[in-house]
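Engineer:
4 protein chains.
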Amino acid sequence: MTMHVGIVGFRGYSGVELQRILAAHPRTTPWLLEHRADSTEAPQPLNRPGLARIACTPAAILEAGIEVVMLATPPEVSMDLAAKLIPEGIRVVDLSGAFRLGTAETYKHWYKEEHTAADLLLLAVYSIPELHRSAVAGARLISNPGCYPTAASLALQPLVAAGVIDRAAGIVCDAKSGVSGAGRKPSLKTSFCEVTENFSAYSILNHRHVPEVLMNSGLQEQEFSFTAQLIPIDRGILETIYFRAQGLKDTQALLDVYLAAYGQEPFVRLYPAGAMPDLRGVNRTNFCDIGVRLDEKTGRAVVVACIDNLVKGAAGQAVQNMNLMMGYGETEGLL
Amino acid sequence: MTMHVGIVGFRGYSGVELQRILAAHPRTTPWLLEHRADSTEAPQPLNRPGLARIACTPAAILEAGIEVVMLATPPEVSMDLAAKLIPEGIRVVDLSGAFRLGTAETYKHWYKEEHTAADLLLLAVYSIPELHRSAVAGARLISNPGCYPTAASLALQPLVAAGVIDRAAGIVCDAKSGVSGAGRKPSLKTSFCEVTENFSAYSILNHRHVPEVLMNSGLQEQEFSFTAQLIPIDRGILETIYFRAQGLKDTQALLDVYLAAYGQEPFVRLYPAGAMPDLRGVNRTNFCDIGVRLDEKTGRAVVVACIDNLVKGAAGQAVQNMNLMMGYGETEGLL
Amino acid sequence: MTMHVGIVGFRGYSGVELQRILAAHPRTTPWLLEHRADSTEAPQPLNRPGLARIACTPAAILEAGIEVVMLATPPEVSMDLAAKLIPEGIRVVDLSGAFRLGTAETYKHWYKEEHTAADLLLLAVYSIPELHRSAVAGARLISNPGCYPTAASLALQPLVAAGVIDRAAGIVCDAKSGVSGAGRKPSLKTSFCEVTENFSAYSILNHRHVPEVLMNSGLQEQEFSFTAQLIPIDRGILETIYFRAQGLKDTQALLDVYLAAYGQEPFVRLYPAGAMPDLRGVNRTNFCDIGVRLDEKTGRAVVVACIDNLVKGAAGQAVQNMNLMMGYGETEGLL
Amino acid sequence: MTMHVGIVGFRGYSGVELQRILAAHPRTTPWLLEHRADSTEAPQPLNRPGLARIACTPAAILEAGIEVVMLATPPEVSMDLAAKLIPEGIRVVDLSGAFRLGTAETYKHWYKEEHTAADLLLLAVYSIPELHRSAVAGARLISNPGCYPTAASLALQPLVAAGVIDRAAGIVCDAKSGVSGAGRKPSLKTSFCEVTENFSAYSILNHRHVPEVLMNSGLQEQEFSFTAQLIPIDRGILETIYFRAQGLKDTQALLDVYLAAYGQEPFVRLYPAGAMPDLRGVNRTNFCDIGVRLDEKTGRAVVVACIDNLVKGAAGQAVQNMNLMMGYGETEGLL
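Structure representation (structure tokens):
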């Protein structure tokens, strides 16, 4: 018998990805939860049944026997829905930024709006499973990480923990993302003719994903320079991270730090010295691929980390967290 | 001394192209006519002066000494502005569909709205210069053709005139366009993630550009099947035209029909037997490139016609028409 | 216990797709068969085992217990390998054009080279399962169809069989394909800078896939005009088919022909009147999506058919055929 | 009367750009110099004359009255041709890396091959005009800079000269380039299907353009981390440069350093605080666009510099240098 899982925001890019993953997941039956009437869905084939669809109300959700609701919604909608669903005993996995930062004040500082469900912040379990796995089992509200912080935190946390970064010299994370990271709502910035054959930087040194990276890696804001940039592709995030290494004699020594941390991880793949990952390698997968280079003479180092922003950066990691929350195998439905 | 030319709709893709062409044109000084406040312009460099900008009112236009106004605006705006400017003695080149079809009834049928400046229809001179050149000199209102009809009419008119098409079997025009043809206003259909790595058909057998092609080529609607399709590129139109030939013995004979019609045309280029044009060849040019193939055994024929939808399909042809209207050299500012 | 399946040409685009599908298939264990030394593979992650790899010799294949070999190779390699493997009792699914046309003469006419395994032509079973399903069970050599003919045949066969096409007026198939259809070998024509922001036609009226379409649909060459075109995308084929309908009163009547033929097919999806499929809908799936429009006044009709050229047009259909050959469920590993 | 200019390597991407610029340049008549037979040119229209074409020999060049030869060729060809042409009194502008580094030893270190025209190194004048303008007039051999170093040097030189970089903390230059930078020769790395929907890093910390940046900016290798990355677009380079500022109080102060250096430069455009350039803004232009941001609290700074790699990064800058060499107006043929 499968578990019933509801998806709110199922027309958005992360929502479509959740549909795809949960429909193929051996443990789950997905339901579409209609939160707002919307005519932007693609037409459905005549001879093909769609997923079941009900209103996104606690009553309808309970009646359908749905145990977990995935919120692929903007933060303000997530706060509102989580506050309604949690008291009914429905578990929530939230893909928005609503519950990622520890306090209402920090939220307001970075998201420029009031937090309307501050009492849930203590309940919320933020989890990149490779870094926070042990806290997830049995959670009632999971805060799924941002796309940029997932790659950056997986790349930086082992290095900071191992003390191999000369932090006084600063760390640079030059991040590039496909356009789906901006969501499905039409805007001039994501119009085809503005993006194709173009490349541009945005949120320079002040992206709201920065505090998540600091929280996960243990770095301080003044040590960390982050710029986001738009690649003319649909999906994928590549981050190029620069720092000065200390206590490492060559590229292999740097690689060894990652092998120690992630050698057995099912969703982190490490590239041998001389090779580097790229975005095609992680496309439509839940992998985070990492490659490294250390210049032996000077100690300058580069780490490249790649994910699919809609999978490991959103829907895939949400399902990975759901698996942990429910006590399923962590990789079920994801390989 | 240069002629002052105003551009309305200068932020749109055709409007930006008009700015580019008119700024480099040896006979003209372009002005930006601000019709509606709008914050979607790209930021301007600090150390670079922009074009002069004034309000789009008859008084301001007259005071600036502007003789010709180019309307890169939706049809309803073009009707409104043309009705205000023409009586003041200001010449107008309209890039919209407002004045392309001969009567208010035909306009209403295809554009699904009332024509609000029907009295100007008799004044308007519709012109693809290669087909209608002689009518343009001295015009007060030019109706610049649609992008699809420009390529299709240039490809079909000589064949129909020469009687080399078996019209009973029907003619197919399978048209493909870059996304800029849909304009700059954001919409889901032209969002990057919906278009990239995709290809789709629209307005199948009922595109509102069809009546222009029929008018220019002399074909009847029941003889002509037209489908528009969206290529994931910024600009360019390629049309693949299929028909059964009569009275032609080989590819060269088909080519000879075009050589007779266009051999001396400055903006039509013909490809030798065995070669075909492509969109890169016409990118950012005012050329229409044509290639042909005739299967000698069966008489089946294919013609491929390419233009840049923003140049020969819009701004470039508008300037070509302006040149003819003002008695300038037809190619000035366009080669 | 799973069946062992070998893949030759596993580095090519169809070969990579075969690896992906067969690795996830519940009935199969894939092996990589190394036919030629080649250094073009992407680097492999350190902490991830690859698929088993052996030499592509009958002895090694037999020793590994491989029962079926998939040939994702050029025709000349396929002829050579099939002639070596079939006599050893190893079943072969060939994805090349080597065994698609019935005779060595036809092969030579269209492929411009001698057929070197003509005696296998009688043994070979050509199969688009929706059209030739009954012939596949127990086959020793399957000839997997071409990508263009798969979509065109699925679209045309039911119409020809139902007699609803006015064949005297001719049928046009305007086909567009992503670049992966040209294979992985570098060439100027498939270089990024030549393809991006471009669109071009090739093999006009003489593509070697034409005889397959005629064979499957029952049309004659002089009735059928086919042009192939290159879309600047990775994968996907969209074909726009034009004809004059007879005996059909509206779009729904045309749709009914397809519903009768394919209403229960697991891999053909039909779109309701007013809707049309696009390439994103079939991306990475084994579906063929079909949409139609009939102009009631004139009888002109358009059918749009979409597939992923690497899945339903190659690797997916090969596995669908393998399933039928081995008596597995036809959809296993493909949904 | 115009000056005759020869182009070697006219089929390559920089060569095609040279054709385009020199054909429109009021002072020059371009000639194509055929160095090697090659069938990769696009077919030419029937009714359009091409540029004059002669063999690339000193005799033919002299007979045609060609005064300047542009070499858009690989370094080894440039060394060979320069050594033949210079003694004949023909001026040379070389777009390759052959004469960019001061000595044969440095060349061998970075280009991994012997320098075969070392005696010309002293004669060669390396010039980014904005930095080295005064040395160019009357030169006999100009070494045109690399694409990456053009943007990086223009961005870094004023900052280093003004002493506003905390060099001890290191400078990061994260560079991204369109695919045309890799040239027109087909390779797997630049095949459409490998590049589209992908993004990847290469030459991490050891790109051979690094010594040019150091030479122009005055930085030391151990201070400077440089990574090149491939954007799935045709043309354009965007470099994101990170450093810790000293002695600057805000973004405007950083901008003032550039205004002092480039406020009057015709080909450098500066963006106001809060705005950033992108690649579409410089596409097909000879501009270098620069935008900046300084975080006041921490002194972390980011500079974004954009050029078109084929214009300011190759052909356009070559013509700018030719203009200076010949005493023409620096901007002639380039605005």
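Chains as they are written, first to last, in the working numbering: chain A, 822 to 1156; chain B, 822 to 1156; chain C, 822 to 1156; chain D, 822 to 1156.
Using N, Cα and C, we set each Cβ at its ideal position, and we do this for glycine too.
#1: Comparing alpha-carbon positions, which option in A/Ala876, A/Arg832, A/Arg869, A/Pro879 lies nearest A/Glu1161?
#2: Assign C/Glu1060 to one of two classes, buried (16 or more other C-beta atoms within 10 Å of its C-beta) or exposed (fewer than that).
#3: Please classify A/Gly1084 as buried or exposed, where buried requires at least 16 other C-beta atoms within 10 Å of its C-beta.
#4: Which residues in the same chain have their Cβ closer than 6 Å to the Cβ of D/Phe1108, if we skip the five residues on either side of it in sequence?
#5: Are B/Tyr834 and B/Arg1029 closer than 8 Å when you measure CB to CB?
#6: Under 6 Å Cβ to Cβ from D/Val1103, same chain only, skipping five residues before and after it: list those, please.
#7: Express the C-alpha separation of C/Leu872 and C/Glu884 in angstroms, rounding to a whole number.
#8: Starting from D/Ser835 and walking both ways along the alpha helix (DSSP H), at which residues does that stretch end?
#9: Going by the DSSP bridge assignment, what does D/Gln1050 pair with across the sheet?
#10: My parser needs the beta strand (DSSP E) runs of 3 or more residues fully inside the stretch 1070–1105 of chain B; what are they?
#11: Could you tell me whether the stretch 894–906 of chain C touches the stretch 923–937 of chain C, using the rule of 3 or more Cβ pairs below 8 Å?
#12: So, helix, strand or coil for D/Gly1154, using DSSP?
#13: What is the DSSP secondary structure of C/Ile907, counted as helix, strand or coil?
#14: Hey, does D/Asp1071 have any beta-carbon neighbour from chain B nearer than 8 Å?
#15: With a cut-off of 8 Å, does the C-beta of D/Tyr1092 fall near any C-beta of chain B?
#16: When the Cβ atoms of the stretch 835–855 of chain D are set against those of the stretch 989–1009 of chain C, are three or more pairs found closer than 8 Å?
#17: Less than 8 Å between CB atoms is the rule here; does D/Gln1043 satisfy it with respect to chain A?
#18: Got a sec: is the Cβ-Cβ distance from C/Arg869 to anything in chain A below 8 Å?
#19: Is the CB-CB distance between B/Ile1052 and B/Phe1020 below 8 Å?
#20: I'd like to know if A/Asp1110 contacts chain C, where contact means its C-beta is closer than 8 Å to some C-beta of that chain.
#21: Verify the CB distance criterion: does B/Leu1026 have a CB-CB separation below 8 Å to chain C?
#22: Report yes or no: is there a C-beta of chain C within less than 8 Å of the C-beta of B/Arg954?
#23: Where do the ends of the alpha helix (DSSP H) carrying C/Leu952 lie?
#24: Tell me, please, whether the CB atom of D/Gly1102 is closer than 8 Å to any CB atom in chain G?
#25: Along chain B, which residues have their Cβ under 8 Å away from the Cβ of C/Thr1119?
#26: For B/Pro979, which residues in chain D fall below 7 Å Cβ to Cβ?
#27: Do C/Ala903 and C/Leu843 have their C-beta atoms closer together than 8 Å?
#28: One question on the structure: do B/Glu838 and B/Leu1131 come within less than 8 Å of each other, judged by their Cβ atoms?
#29: Taking the continuous alpha helix (DSSP H) assigned at C/Ile882, which residues delimit it?
#30: Please name the residue, chosen from B/Glu951, B/Glu1015, B/Ala1094, that lies closest to B/Ser974 on a Cα-to-Cα basis.
#31: With 8 Å set as the bound, which would you pick, yes or no: does the beta-carbon of B/Glu1018 sit closer than that to a beta-carbon of chain A?
#32: Are the C-beta of A/Cys968 and some C-beta of chain B separated by less than 8 Å?
#33: Starting from B/Phe1045, follow its DSSP beta bridges and name the residues at the other end.
#34: Please list the partners that C/Pro1007 has in chain D, where partner means a Cβ-to-Cβ separation under 7 Å.
#35: Relative to the C-alpha of A/Leu1026, which candidate in D/Thr924, D/Thr1119, D/Asn868 has its C-alpha closest?
#36: With a threshold of 6 Å on Cβ separation, who are the neighbours of A/Glu1033 within its own chain once the five nearest residues in sequence on each side are excluded?
Structural biologist: Judging by the given coordinates:
#1: Chain A is shown only over 822 to 1156; residue 1161 of chain A falls outside these bounds and no answer can be derived.
#2: For the purposes of this step, residue 1060 of chain C is taken as residue 239 along the third sequence, with counting starting at 1. The residue in question, C/Glu1060, is buried, as its Cβ has 16 or more Cβ neighbours within 10 Å.
#3: On the first sequence, position 263 is the one that residue 1084 of chain A refers to. So A/Gly1084 ends up on the exposed side.
#4: Working through the fourth sequence from its first residue, we reach residue 1108 of chain D at position 287. Non-local beta-carbon contacts of D/Phe1108 in its own chain, meaning distances under 6 Å to residues more than five positions away in sequence, involve Phe1088, Arg1090 in chain order.
#5: Sequence index remark: in the second sequence, residue 834 of chain B carries index 13 (1-based). Sequence index remark: in the second sequence, residue 1029 of chain B carries index 208 (1-based). No, these two residues do not count as a Cβ contact at 8 Å.
#6: Along the fourth sequence, read from residue 1 onward, the residue named residue 1103 of chain D stands at position 282. Only Asp1110, Cys1127, Ile1128, Asp1129 meet the Cβ criterion.
#7: Working through the third sequence from its first residue, we reach residue 884 of chain C at position 63. Working through the third sequence from its first residue, we reach residue 872 of chain C at position 51. Distance between the alpha carbons of C/Glu884 and C/Leu872: 17 Å.
#8: Counting from one through the fourth sequence, the residue named residue 835 of chain D turns up at place 14. Secondary structure note for D/Ser835: its alpha helix (DSSP H) is the uninterrupted segment 834–845.
#9: Here residue 1050 of chain D corresponds to residue number 229 of the fourth sequence, with the count starting at 1. Note: D/Gln1050 sits in a beta bridge opposite D/Lys997, D/Ala1022.
#10: Complete beta strand (DSSP E) runs here, min 3: 1089–1091.
#11: With contact defined as three or more Cβ pairs closer than 8 Å, the stretch 894–906 of chain C and the stretch 923–937 of chain C are in contact.
#12: Within the fourth sequence, numbered from 1, the residue matching residue 1154 of chain D stands at position 333. Residue state for D/Gly1154 is assigned as coil, using DSSP reduced to three classes.
#13: The residue labelled residue 907 of chain C in the question sits at position 86 within the third sequence. Correct three-state label for C/Ile907: helix.
#14: Along the fourth sequence, read from residue 1 onward, the residue named residue 1071 of chain D stands at position 250. The C-beta of D/Asp1071 comes no closer than 8 Å to any C-beta of chain B.
#15: Numbered from 1 along the fourth sequence, position 271 holds the residue referred to as residue 1092 of chain D. Cβ-Cβ to chain B under 8 Å: yes for D/Tyr1092.
#16: No, the stretch 835–855 of chain D does not touch the stretch 989–1009 of chain C.
#17: Translated into positions along the fourth sequence, residue 1043 of chain D becomes position 222. Yes, D/Gln1043 counts as interfacial toward chain A.
#18: Within the third sequence, the letter at position 48 stands for residue 869 of chain C. C/Arg869 counts as touching chain A.
#19: Reading the second sequence from its first residue, position 231 is the one you call residue 1052 of chain B. Reading the second sequence from its first residue, position 199 is the one you call residue 1020 of chain B. Yes, Cβ-Cβ distance for B/Ile1052 and B/Phe1020 is below 8 Å.
#20: For the purposes of this step, residue 1110 of chain A is identified with residue 289 of the first sequence, where counting begins at 1. With 8 Å as the cut-off, A/Asp1110 counts as an interface residue toward chain C.
#21: Looking up residue 1026 of chain B in the second sequence gives position 205. Yes, B/Leu1026 counts as interfacial toward chain C.
#22: Reading the second sequence from its first residue, position 133 is the one you call residue 954 of chain B. With 8 Å as the cut-off, B/Arg954 does not count as an interface residue toward chain C.
#23: By 1-based counting over the third sequence, the position of residue 952 of chain C is 131. Counting along the chain, C/Leu952 sits inside the alpha helix (DSSP H) bounded by residues 950–953.
#24: Looking at the structure shown, chain G is missing, and the protein chains on hand are A, B, C and D.
#25: For this step, residue 1119 of chain C is matched to residue 298 along the third sequence. Against C/Thr1119, the close residues of chain B are Glu1042, Gln1043, in the order they occur along the chain (beta-carbon pairs closer than 8 Å).
#26: Against the second sequence, residue 979 of chain B aligns to sequence position 158. For B/Pro979, none of the residues of chain D pass the 7 Å Cβ criterion, the least Cβ distance being about 14 Å.
#27: To locate residue 903 of chain C, count along the third sequence from 1; it is residue 82. To locate residue 843 of chain C, count along the third sequence from 1; it is residue 22. Going by beta carbons, C/Ala903 and C/Leu843 fall outside the 8 Å limit.
#28: Looking up residue 838 of chain B in the second sequence gives position 17. Looking up residue 1131 of chain B in the second sequence gives position 310. Their beta carbons are under 8 Å apart, which means B/Glu838 touches B/Leu1131 by this criterion.
#29: To locate residue 882 of chain C, count along the third sequence from 1; it is residue 61. Per DSSP, C/Ile882 is one residue of the alpha helix (DSSP H) stretching across 879–884.
#30: Taking the second sequence and counting its residues from 1, the one referred to as residue 974 of chain B is at position 153. From the listed residues B/Glu951, B/Glu1015, B/Ala1094, the smallest Cα separation to B/Ser974 is found for B/Glu951.
#31: Taking the second sequence and counting its residues from 1, the one referred to as residue 1018 of chain B is at position 197. At least one beta carbon of chain A lies nearer than 8 Å to the beta carbon of B/Glu1018.
#32: Numbered from its first residue, the first sequence carries residue 968 of chain A at position 147. No, A/Cys968 lies away from the interface with chain B (no Cβ there is under 8 Å from its Cβ).
#33: The residue labelled residue 1045 of chain B in the question sits at position 224 within the second sequence. B/Phe1045 pairs with B/Ile992.
#34: Numbered from its first residue, the third sequence carries residue 1007 of chain C at position 186. Those within 7 Å of C/Pro1007 in chain D are Pro1007, Ser1008, Leu1009, Ser1012.
#35: Here residue 1026 of chain A is taken as the residue at index 205 of the first sequence, counted from 1. Of D/Thr924, D/Thr1119, D/Asn868, the residue nearest in Cα terms is D/Thr1119.
#36: Here residue 1033 of chain A corresponds to residue number 212 of the first sequence, with the count starting at 1. Closer than 6 Å at the Cβ level, and outside the excluded window around A/Glu1033, lie Arg921, Gly967, Pro970.
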